[in-house]
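Okay, so here's the structure we're looking at.
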Amino acid sequence: VYRGSVKDFQGFDANQDAEALYNAMKGFGSDKEAILDLITSRSNKQRVEICQAYKSLYGKDLIADLKYELTGKFERLIVSLMRPPAYGDAKEIKDAISGVGTDEKCLIEILASRTNQEIHDLVAAYKDAYERDLEADIVGDTSGHFKKMLVVLLQGAREEDDVVSEDLVEQDAKDLLEAGELKWGTDEAQFIYILGRRSRQHLRLVFDEYLKIAGKPIERSIRGELSGDFEKLMLAVVKCIRSRAEYFAERLYKAMKGLGTRDNTLIRIMVSRSEIDMLDIREVFRTKYEKSLYNMIKEDTSGEYKKALLKLCGGDDDAAGEFFPEAAQVAYRMWELSAVKVELRGTVQPAGDFNDDGDAQVLRKAMKGLGTDEGAIIEVVTKRSNAQRQQILKAYKAHYGRDLMADLKSELSGSLAKLILGLMLTPAQYDAKQLRKAVEGAGTDESVLIEIMATRNNQEIRAINEAYQEAYHKSLEDDLSSDTSGHFKRILVSLALGNRDEGPENLTQAHEDAKKLADVSSNDSSDSLETRFLSILCTRSYPHLRRVFQEFIKMTNHDVEHAIKKRMSGDVRDAFVAIVRSVKNKPAFFADKLYKSMKGAGTDERTLTRIMISRSEIDLFNIRGEFVDLFDKSLHHMIEKDTSGDYRKALLVLCGGED
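Numbers in our numbering are just positions in the sequence shown, counted from 1, shifted up by 19.
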C-alpha cells in the first residue's frame with residue numbers, strides 16, 4: 020500500500036509543466052504560488068522529466084533558474100524537491116561533511132534510516148555527482164566507533180531474510196547484555212556487529228528478548244554504556260528498526276518545538292519521506308504529540324515556505340480525527356513492552372548504619388539555638404527510609420519530650436518545609452493529606468485526586484482510607500462524594516474502595532471487555548459509555564487490562580487512550596486516561612507529570628514535591644529511566660536547572676543520581 024503524501028499527477032505533461040514554470044519565472048519577479056503549486060503536486064519522477072523537458076525547450080537548467088529566482092528556505096525546499104532521492108541524500112551528506120565541522124545529526128539520520136537499496140543508490144549518486152568515494156570522505160571526517168558504525172551502514176549489507184531463528188535471537192540478546200551491562204567497560208564491536216548487520220525483523224525480536232532478560236529496554240542500556248555521537252547513532256538505528264515512522268515523527272517534532280525551527284531537518288524529512296511514508300509519520304505524530312503535523316507546521320513556519328510544506332504534508336489529521344494502522348502498531352508495541360515484568364526500584368534505601376537516637380540528636384542540634392542547619396536536616400531526613408523516619412520521630416519524643424514535626428515546622432519554611440514535613444509522614448498519611456487539601460476550601464484540585472486515586476494499588480488505597488479517617492474523622496468516600504459529581508464522582512468512589520481484582524489476565528474475558536469498550540452503538544442509558552469504561556477500568560487487574568487494551572487495538576485499529584480522548588471530555592476523560600497510562604507504564608506516567616511540572620516558565624512545586632516524596636521508595640529509579648527515554652534529558656539535570664537552594668539539594672538527594 021502506497022503511504023506517501025505526494026503521488027503521480029494525473030494527465031501529466033512534462034512539456035506543458037516546463038512551459039508553465041518558465042512563464043512563472045520570466046520577466047520581473049516570479050510567480051511563487053504557481054511554482055509551489057506545480058512542483059509540490061508532481062512526483063519526483065515527474066519533476067525529473069520536467070527538468071529534461073525544460074532543458075530541451077529553453078536550453079537552460081531548471082534548477083539553476085529556480086535558485087536564481089527564489090530565496091531562503093523556500094528556495095532550499097523547492098530545489099531539494101527537484102533532485103532524485105539518492106542525489107538529494109548525497110547533497111545532504113556532502114554539505115554535512117564539507118567545511119569546518121561536521122553535521123553528525125544529518126549523517127545519523129540518513130545512514131540509520133535508509134534501506135540497503137537506498138544506501139547503494141546513495142553511494143552511486145555521490146560518486147556520480149562529486150567524483151569522490153563516499154566511504155573515504157566519511158572515514159576522513161569522523162572517528163572512533165562512530166566512524167566504524169557509519170562504515171558498516173554504508174555497505175548496505177543488512178540481512179533481509181524474514182525467517183528468524185529463535186536460538187540466534189536469544190544468543191544476540193545475551194551477547195548484547197554481556198557486551199554492556201554485565202561487562203566492566205563496553206564491547207562496542209559486539210553492538211556494531213549485531214545492530215549493523217541483523218535484519219529488522221530479527222532485531223525487533225532481539226529487543227523484546229533483551230527487555231525480558233535485562234529488565235530494561237535496549238535504548239536505556241545504550242544510553243548507559245555508550246556516549247557521544249556513537250550513542251546517538253546506535254539509538255537512531257534502534258528507533259528506525261522499531262519504527263521508521265516513529266523516528267521521523269520525533270525528528271520533526273524536535274525540529275519545530277521550542278524557540279526557533281531547525282529548517283534543514285524539516286526540509287530534509289518532508290522532502291525525503293513525501294513519497295515513502297509521510298502518511299505513517301503523520302499518524303504517529305498525531306498519536307504521540309496530541310496535535311497534527313499539519314498544525315505544527317502551520318504554527319511554526321510562514322509564507323510560501325509554509326504553503327509548500329503543508330502541500331507535502333498532505334492533510335490535517337486533527338480535522339480528520341482518524342487513527343491508522345501505523346499508529347496502532349506503535350501503540351500495540353508499547354502495550355507489549357509494558358506487559359514485560361520490570362523490577363521497580365526506589366532511590367531511597369534504608370540507611371545501613373541506622374541509629375534512631377543518633378539521628379534524633381543530630382536533628383535537635385540542627386534546630387537548637389540561633390539559626391537552623393538545613394544541611395544537617397536534609398542529610399538525615401532524605402537518606403533514611405520512611406520506616407526509619409518513623410523511628411526517629413519516636414526517639415526524638417522519648418529523648419526530648421518534644422514533637423519533631425512541630426519543631427521542623429517552626430524552623431523550616433517554604434518549599435523545603437513542605438518537602439521535609441511530607442517525608443516525615445507515612446505514605447498513607449501523606450496521600451491522605453494531599454487528598455484533603457484537594458477537596459477542602461473553595462474549588463477542587465481534580466488533578467491531584469486523579470493522580471493519587473488512579474495510581475495507587477489496593478493496599479495503598481486501604482491504608483489511605485484509614486489514615487484519612489484517623490486524621491480528619493470523616494471517610495474519604497464521603498468527602499469525594501460531596502466535592503465531586505456525575506461520572507467523575509462515580510470513578511473516584513469506585514477507586515476509593517480499593518477492590519480492584521488482583522488476578523492474572525483472562526483472554527476470553529479480555530476479548531469481551533474490549534468489545535464492550537469498543538461498542539459505540541448502545542442506546543441503553545443504564546449502560547452508557549462512561550459506565551462501561553468505569554466497570555472495566557476501575558475493577559479489572561493491571562495484567563488483565565493490558566490484555567484488554569491489546570485486544571482493543573486488534574479489534575478497532577485504535578488505541579484505547581485515543582478512543583477515550585475522542586469520545587469523552589473533562590475530568591472523566593482525564594481520570595480514564597490516567598488509569599490507562601498507569602496500567603500501561605506507571606513510571607512513564609509519573610515521568611511525564613514531573614516533566615510538565617518543570618517545563619516552561621515557572622515550576623509547579625506542589626506536583627514536583629508530591630511525586631518525589633511518594634515515589635522515592637517505590638519506583639523513582641524507574642521514573643528516572645523513563646524520563647531520559649521520553650525527554651532526552653535527565654530528571655537530575657532538570658531539577659538542578661529548575662529549582663534552587665536547600666529545596667534543590669533535598670530533591671537531588673531523593674532523585675538519587677545523574678543519568
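Every residue, glycine too, gets a C-beta built ideally from N, C-alpha and C.
Comparing C-alpha distances from Glu269 to each of Phe650, Glu123, Leu673, Lys317 shows the shortest one belongs to Phe650. In the structure shown, the three-state DSSP call for Arg216 is helix.
Asp376 sits close to His418, with the two beta carbons spaced by under 8 Å.
Closest in C-alpha terms to Ala233, from the list Val647, Glu318, Tyr21, Leu196, comes Leu196. Out of Ile241, Leu55, Gly204, Ala144, the CA that lies nearest to the CA of Gly644 is found in Ile241.
Note that the C-beta distance between Ile116 and Asp160 is below 8 Å.
Here the alpha carbons of Val399 and Val381 stand approximately 8 Å from one another.
Restricting attention to Glu624, Glu207, Leu187, Gly175, the CA atom closest to the CA of Gly163 is found in Glu207.
In the DSSP assignment, Arg408 falls within the alpha helix (DSSP H) that extends over 405-419. Note on Pro446: 16 or more other CB atoms within 10 angstroms of its CB, so buried under the neighbour-count rule. Judged by DSSP secondary structure, Phe650 falls within the alpha helix (DSSP H) whose first and last residues are 639-650. For the pair Lys584 and Met315, the Cα-to-Cα distance works out to about 19 Å. The Cβ-Cβ distance between Val257 and Ile237 falls below 8 Å.
Excluding five sequence positions before and after Gln209, the CB atoms of its chain that fall closer than 6 Å to its own CB belong to Asp194, Ala198, given in chain order. Contact between the segment 73-93 and the segment 322-339 is present: 3 or more CB-CB pairs across the two stretches fall below 8 Å. According to the DSSP assignment, Ala379 belongs to the alpha helix (DSSP H) that extends over 375-386. Selection Arg133, Glu150, Leu363 evaluated against Ala176 yields Arg133 as nearest (Cα-Cα).
Within its own chain, the residues whose Cβ lies closer than 8 Å to the Cβ of Ala406, once the five positions on either side in sequence are excluded, are Pro369, listed in chain order. Straight across, the Cα-Cα distance linking Arg475 with Asp464 is about 18 Å. Phe47 sits in coil when the DSSP states are folded into three classes, being neither helix nor strand.
Take Tyr149, set aside five residues on each side of it, and the residues of its chain with a beta-carbon closer than 7 Å to its own are Lys113, in chain order. Under the 8 Å Cβ criterion, the segment 437-446 counts as touching the segment 625-634, having at least three qualifying pairs. Proximity of the segment 249-267 to the segment 47-65 falls short of the contact definition, fewer than three beta-carbon pairs being nearer than 8 Å. Nearest Cα to Asp520 within the set Asn477, Gly462, Glu178, Thr366: Asn477. A contact between stretches requires three or more CB pairs, one per stretch, nearer than 8 Å, and the segment 482-497 meets this requirement with the segment 450-468.
Taking the Cα of Gly460 as reference, the smallest distance to any Cα among Glu430, Ala451, Asp502 is reached at Asp502.
Between Glu178 and Arg216, the beta carbon gap of about 6 Å places them in contact (Cβ cut-off 8 Å). DSSP places Ser184 in no alpha helix (DSSP H); its state is neither H nor E. Under the three-state reduction of DSSP output, Tyr21 falls in the coil class, being neither helix nor strand. The criterion of a C-beta distance shorter than 8 Å is not satisfied by Arg634 and Phe608.
Nearest Cα to Leu187 within the set Gln220, Ala37, Leu201, Arg102: Gln220. The criterion of a C-beta distance shorter than 8 Å is not satisfied by Asp638 and Lys603. If you ignore the 5 residues before and after Asp156, its C-beta comes within less than 7 Å of the C-beta of Ile116, all in its own chain and listed in chain order. Scanning its chain for C-beta atoms nearer than 8 Å, with the 5 sequence neighbours on each side dropped, one finds around Phe267 the residues Ser132, Ile288, Arg292, Asp296, Ile300, in chain order.
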